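As structure tokens, the structure follows; a few thoughts come after it.
Numbering (this note's numbering), first residue to last: 5 to 295.
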């Protein structure tokens, strides 16, 4: 799909509207006031999980008058054209995902891009966000941050992604599945250092909400006991030149640790160079020649 620029149907009066509706990440009482009205008045409600939608509608005390269609990762490519047709025909389509804002690590981007290209107005019902909630409660710097979504599932790809982020100075936010949280934290420990401050937010706004703050090494030990529920991880950014000491022994140890985690030596050297604030050639010299 090419990146949309200007609407391609300027000559048509497209009266349909696509509404991205944020849904609660925990307590239904956190639902934005407009959510009930948008759902009740929609011509079409596209939902990531129609069963969850039905429960939400019941909790909100409303009835749906429009038709309901499923819209999830497995069918969004195939279903997007028919939804765009409905929008071009003048219908109001409300998109909801299981929790939070559609298109943010959830289905929605394809539909938004296609709607923009078709000249359809796109708006949103702002709602709860696990990203912003985790940032707010983390206690870590929030003046500058980046959202990295889910890390790759394969260990090697995950290590390489984190190596690229080793020198990132903004606070980083990640989503993770509970059964992969320990492995993700271990990979972060290897890439960022054992003492890098981090926060694991579990089941945000729900009954069993837990916010765990510690260094990455300590969080790995904690996660080894088992994690349940939705997980958001917040990691403080790197301080230039202080993540890894610049003495030869520390450099060699840091490179070796990344290699043991599955990273190739060339990538490990590049990551350690960023963490230590040194040119790659200096770290290469220490590992390959002086070592």
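Backbone N, C-alpha and C fix where the C-beta goes; we use that ideal spot for every residue, glycine too. In this text, all values refer to a predicted model and were calculated from it rather than measured experimentally.
Burial check for residue 150: the Cβ neighbour count within 10 Å stays below 16, so the residue is exposed. Residue 171 is a Cβ neighbour of residue 279, given a cutoff of 9 Å. Taking a C-beta distance under 9 Å as the contact criterion, residue 162 and residue 191 qualify as a contact pair.
Take the alpha-carbon of residue 132 and the one of residue 108: they are about 12 Å apart. Under the three-pair Cβ rule at 8 Å, the segment 118-137 does not count as touching the segment 55-63. Between residue 136 and residue 238, the beta carbon gap of about 11 Å keeps them out of contact (Cβ cut-off 8 Å).
In the structure shown, residue 243 falls within a coil segment according to DSSP collapsed to helix, strand and coil. Taking each of 86, 227, 102 and 81 in turn and checking the Cα distance to residue 114, the smallest one comes out for 81. Looking only at 88, 87 and 43, the smallest Cα-Cα distance to residue 70 is reached by 43. Each of 175, 288 and 233 was checked against the Cα of residue 260, and the nearest Cα belongs to 288.
Secondary structure remark: continuous alpha helix (DSSP H) runs of at least 4 residues inside the segment 21-74, in chain order: 37-45 and 54-64. When DSSP assignments are scanned along the segment 182-234, the uninterrupted stretches of alpha helix (DSSP H) that are 4 or more residues long and fall wholly within it turn out to be 185-196 and 220-227. Assigned with DSSP and collapsed to three states, residue 177 falls in strand.
By the C-beta density criterion, residue 293 is exposed, having fewer than 16 other C-beta atoms within 10 angstroms. Scanning its chain for C-beta atoms nearer than 6 Å, with the 5 sequence neighbours on each side dropped, one finds around residue 110 the residues 101, in chain order. For residue 93, no beta strand (DSSP E) run applies, since DSSP gives it neither H nor E.
Residue 116 has its alpha-carbon roughly 29 Å from the corresponding atom of residue 166. With distances taken between CA atoms, residue 141 lies nearest to 207 out of 52, 207 and 65. Restricting attention to 86, 65 and 63, the CA atom closest to the CA of residue 72 is found in 86. Here the segment 210-229 makes no contact with the segment 248-257; the two share fewer than three CB pairs at distances below 8 Å. Secondary structure of residue 263 (DSSP, three-state): helix.
Put simply, of 19, 232, 24 and 47 the residue whose alpha carbon is nearest the alpha carbon of residue 38 is 24. Listed in chain order, the non-local C-beta contacts of residue 269 below 8 Å within the same chain comprise 259, 263 and 291, local neighbours out to five positions each way being set aside. As the crow flies, the alpha-carbon of residue 240 is around 11 Å from that of residue 199.
For residue 96, the closest C-alpha among the options 27, 233 and 45 is that of 45. Of the candidates 233, 204, 197 and 124, 197 places its Cα closest to the Cα of residue 248. Setting aside the 5 residues that flank it on each side, residue 186 is surrounded in the same chain by 227 and 228, each with a C-beta closer than 6 Å to its C-beta; the list follows chain order.
Of the residues assessed, residue 154 falls on the exposed side of the cut-off, its CB having fewer than 16 other CB atoms within 10 angstroms. A direct Cα-Cα distance of roughly 24 Å separates residue 157 from residue 139.
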